[in-house]
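Residue numbers (the numbering used here): 83 to 181.
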């Protein structure tokens with residue numbers, strides 16, 4: 083017989099969408115802390131920080147974090163690639179000016 087603390091499932095963060103493998107017990111524990119929503123460790127810490135810093139309740143902190151996530155880059159990989167491309171363009175441009 084398996085117990086919930088031994089069963090591993092995949093949970094999706096309701097804030098950022100990241101997937102994590104977690105035990106069922108851990109998933110339930112996080113959902114209890116965050117009003118039924120499962121959030122990853124990073125989002126969990128960000129929400130707790132919003133609560134501490136602003137002195138707001140959990141629901142408001144989750145809304146603030148969700149709003150931040152909406153304004154943050156949708157695809158961080160693409161943002162890094164764009165930044166690298168911009169850097170290369172500047173390097174090529176500066177070489178043309180020197181030549």
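Note that beta-carbon positions come from the ideal geometry of N, C-alpha and C, so glycine has one too.
Over what stretch of residues does the beta strand (DSSP E) that includes residue i continue unbroken?
i: residue 95; result: No beta strand (DSSP E) contains residue 95, which DSSP labels as neither H nor E.
i: residue 102; result: 101 to 105
Going by DSSP, what residue range makes up the alpha helix (DSSP H) through residue i?
i: residue 148; result: 140 to 153
Check residue i in the structure and name its three-state DSSP category.
i: residue 121; result: coil
i: residue 168; result: helix
Kindly say whether residue i, judged by its beta-carbon, lies nearer than 8 Å to any beta-carbon of chain D.
i: residue 166; result: The displayed structure is made up of one protein chain only, and chain D is not part of it.
Could you tell me whether the segment 141 to 155 touches the segment 100 to 111, where touching means 3 or more Cβ pairs closer than 8 Å? Not touching, per the Cβ criterion.
Three Cβ pairs or more, each shorter than 8 Å: is that satisfied between the segment 167 to 174 and the segment 104 to 123? no
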